[in-house]
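Residue numbers (the numbering used here): 70 to 173.
A virtual CB, placed ideally from N, CA and C, is assigned to each residue, including glycine.
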């Protein structure tokens with residue numbers, strides 16, 4: 070799993086920065102399901118992008134720096150966690166750290 074870019078600034082006028090990040094996954098198996106969540110530095114889940122979703126063997130999901138309540142998140146480090154599972158596959162956890170910045 071990877072995130073690109075690893076830093077986003079949730080403001081579309083941010084010169085040189087992206088206002089979203091794309092989270093890529095590649096599990097090399099079909100017929101799997103996934104949960105994709107974003108956690109803040111205190112371990113609180115702030116966004117669930119996928120919940121028990123059927124996924125292809127590879128793909129991507131966008132995150133725009135907004136939490137489950139529709140609010141822009143604070144600047145800081147965030148953990149992207151993807152849990153992948155299937156009926157005949159062991160559960161697999163993928164993790165990636167990314168940063169949300171802000172514009173002065």
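Point to revise | Run of the beta strand (DSSP E) containing residue 95, from where it starts to where it stops | key: Going by DSSP, residue 95 is part of the beta strand (DSSP E) stretching over 90 to 95.
Practice item. Please go through the same chain and pick out, in chain order, the residues whose beta-carbon is closer than 8 angstroms to the beta-carbon of residue 154, but skip the five residues on each side of it. Key: Excluding residues within five positions, the ones whose Cβ falls inside 8 angstroms are 101, 102, 103, 160, 161.
Point to revise | Close Cβ partners of residue 116 (< 6 angstroms) along its chain, the five nearest in sequence each way excluded | key: Closer than 6 angstroms at Cβ, skipping near neighbours: 107, 136, 137.
**Study point:** Alpha carbon of residue 195 to alpha carbon of residue 127, nearest angstrom
**Key:** Given a span of 70 to 173 for the chain in the structure shown, any question on residue 195 remains unanswerable.
Exercise for review: Determine the closest residue to residue 111 out of 143, 157, 171, 71, with distance taken between C-alpha atoms.
Suggested key: The option with the nearest alpha carbon to residue 111 is 143.
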